[in-house]
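6 is the number of the first residue of the sequence shown in the numbering used here; add one for each residue after it. Please read the structure below before turning to the comments.
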Amino acid sequence: MNSKLVETLKNELLKEKKRLEDELSHFAHRNTSATTVDYDANFPNIGDKEDENASEVAQYSDNLSLESALEKSLRDVIASLESID
């Protein structure tokens, strides 16, 4: 590949990496002790009533699924960036 195409692809991957990290930061925090990309979803605190607790669990479950998908995408982007360099 020519260097201009490589640079364009690298810039697009960097933008995607930033987007994924921003998206994850809305509902999760980075696990700084992990050796690989790892985020932990924050458990929401909506209230203490039974229906509010059910909403918290449902939202947390959704966040865990989203966290997993976004982390996988982020790992793929990082691997692609590393293969370019």
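Idealized CB from N, CA, C, for every residue including glycine.
Limits of the unbroken beta strand (DSSP E) element including residue i
{"i": "residue 1", "result": "Residue coverage of the chain in this structure runs from 6 to 90, which leaves residue 1 outside it and unanswerable."}
Helix, strand or coil at residue i according to DSSP, with G and I counted as helix
{"i": "residue 27", "result": "helix"}
{"i": "residue 7", "result": "coil"}
{"i": "residue 81", "result": "helix"}
Anticipated Cβ contact below 8 angstroms, residue i with residue j, distance rounded
{"i": "residue 91", "j": "residue 15", "result": "In this structure the chain extends from 6 to 90, so residue 91 is not present and cannot be described."}
{"i": "residue 86", "j": "residue 25", "result": "Between residue 25 and residue 86 the Cβ distance is about 12 angstroms, and since that is not below 8 angstroms, they are no contact."}
Heavy atom of the ligand FMN within 8 angstroms of residue i beta-carbon
{"i": "residue 47", "result": "Among the components modelled here there is no ligand, and therefore nothing to report on the ligand FMN."}
Please give the ranges of any beta strand (DSSP E) in the region 38 to 70, keeping only runs that are unbroken, at least 3 residues long and fully inside the region. 44 to 46
Specify whether the region 13 to 21 and the region 29 to 43 touch according to this definition: at least 3 beta carbon pairs, one from each stretch, less than 8 angstroms apart. no
Cβ pair count under 8 angstroms reaching 3, the region 43 to 57 against the region 23 to 33: yes
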